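First up is the structure itself, then whatever we jot down about it.
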Amino acid sequence: MSQKRPTTQQPPSSASDRPATADPHAIANEMVFSATTSEGRTAGTEAIASITKEQKLSNYAMASGLLAFVSYIFYYSLSSVGGSENAKQLFLGDNSKEGETGTTPGFEEFLKEAHEGRTAEERRLEEERVAKGEARELAELENTTAARLKAEGVEDEIVASANEEEEKEMARAAGFEEGQVVKKRPLWKRVVFFWRRE
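Going left to right, the sequence shown walks through residues 215 to 412 as the working numbering numbers them.
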């Protein structure tokens, strides 16, 4: 006769009790079953109640030490950026006298540098806008000149020869000579051996 297994099966207590080809669903059921029972773990309130006084004092000392450390870093950051007066005012309350402004020399210097940076950026944008306008004017002038020469029947020979000379000069400057590439050192050699000339 064969034995029948009961419908509610107790999961094995350890991994060594499991067969080698265990069903993943059975393993998951075992994990869920062990999590719901209080045999393996104690509840949070019971675990806290079981902590000794020495462990509690150690935890409080660690927490207060970390709080002090973080507070010191916060105070140091405030005093290094905004001055020690601002840090003291933040912790102890507003202690300023009548007629004093709340800015510090460090903050005023920051505002001054920000203003200088803004004006430099505005100046750069203005120069860029002017350069684009000049380039646009030159392109329009070249187009109108080419159209005028074409309307007069003048061939583009003079302009073409000037363009060819300019192209050759640009090719020489870029490192191309008569259609062939001039051999240059690799970039890493130029960076590492920067004192050597090519």
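Backbone N, C-alpha and C define an ideal beta-carbon position, used for all residues, glycine too.
Note that this is a predicted model, so its numbers are computed, not measured.
Reducing DSSP to helix, strand and coil, say where E312 ends up.
Per-residue confidence for E312 stands at a pLDDT of 45, beneath the threshold of 50, marking its modelled position as unreliable; no derived number is given.
How long is the line joining the alpha carbons of M245 and A261, rounded to whole angstroms?
Straight-line Cα distance between these residues: approximately 21 Å.
Using only the alpha-carbon positions, how far apart do Y286 and S272 sit?
The straight-line gap from Cα to Cα measures roughly 21 Å.
What's the C-alpha gap between V405 and K398?
Spanning the two alpha carbons is a distance of roughly 13 Å.
Looking at the structure shown, is V406 part of a helix, part of a strand, or coil, going by DSSP?
Correct three-state label for V406: helix.
Give the secondary structure of P400 by DSSP, where H, G and I count as helix, E and B as strand, and everything else as coil.
DSSP places P400 in coil when its eight states are reduced to three.
Helix, strand or coil for I287 per DSSP?
In the structure shown, I287 sits in a helix (DSSP, three-state: H, G or I).
Can you look up S278 in the DSSP assignment and give me helix, strand or coil?
Of the three classes helix, strand and coil, the one that applies to S278 here is helix, per DSSP.
Helix, strand or coil, according to DSSP, for R411 in the structure here?
Three-state DSSP puts R411 in coil, outside helix and strand.
DSSP state of T333, grouped into three classes?
The answer is helix: DSSP assigns T333 an H, G or I state.
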